[in-house]
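In my numbering, the protein residues as written are 87 to 182.
Note sheet for the following structure.
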């Protein structure tokens, strides 16, 4: 998430106790970003919305992996790992 924010032009304004405050200079909006190794997708989308960004979400990534699996008729080990982490592996198994 941090890499995506920086890529979109946001920068770190200050460190808080448990959160960092990022600001989007294009819109002037700011949002707190928790310092955790894993953040739920719903929180990521909320942060993107607060900063006025429209980035690649995990749902879109999952959709592209489903299309890749359908085209190849079989998932690679890495695709299965990614899909399990997003909880979409069972959806793909039902389709095939």
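No residue lacks a Cβ here, since even glycine has one placed at the ideal position from N, Cα and C.
None of these values were measured; they are calculated from a predicted model.
Do you know offhand how far residue i's Cα is from residue j's?
i	j	result
residue 117	residue 136	6 Å
residue 105	residue 123	12 Å
residue 91	residue 164	25 Å
residue 95	residue 107	14 Å
residue 140	residue 99	20 Å
residue 93	residue 111	13 Å
I need the DSSP call for residue i, collapsed to helix, strand or coil.
i	result
residue 87	coil
residue 142	Only weak support is given to the placement of residue 142: the predicted model assigns it a pLDDT of 49, under 50, and the question is left unresolved by the model.
Within a Cβ cutoff of 7 Å, which residues of the same chain sit near residue i, ignoring the five residues on either side of it in sequence?
i	result
residue 125	87
Residues in the same chain with beta-carbon distance under 8 Å from residue i, minus the five sequence neighbours each way, listed in chain order, please.
i	result
residue 102	118
residue 113	137, 138
residue 115	109, 136, 137, 138
residue 129	120
residue 97	108, 109, 111
Leaving aside the five residues before and after residue i along the sequence, list all residues of the same chain whose C-beta is less than 6 Å from its C-beta, in chain order.
i	result
residue 120	105
Ignoring anything shorter than 3 residues or poking outside the segment 110-140, list the beta strand (DSSP E) runs there in chain order.
115-120
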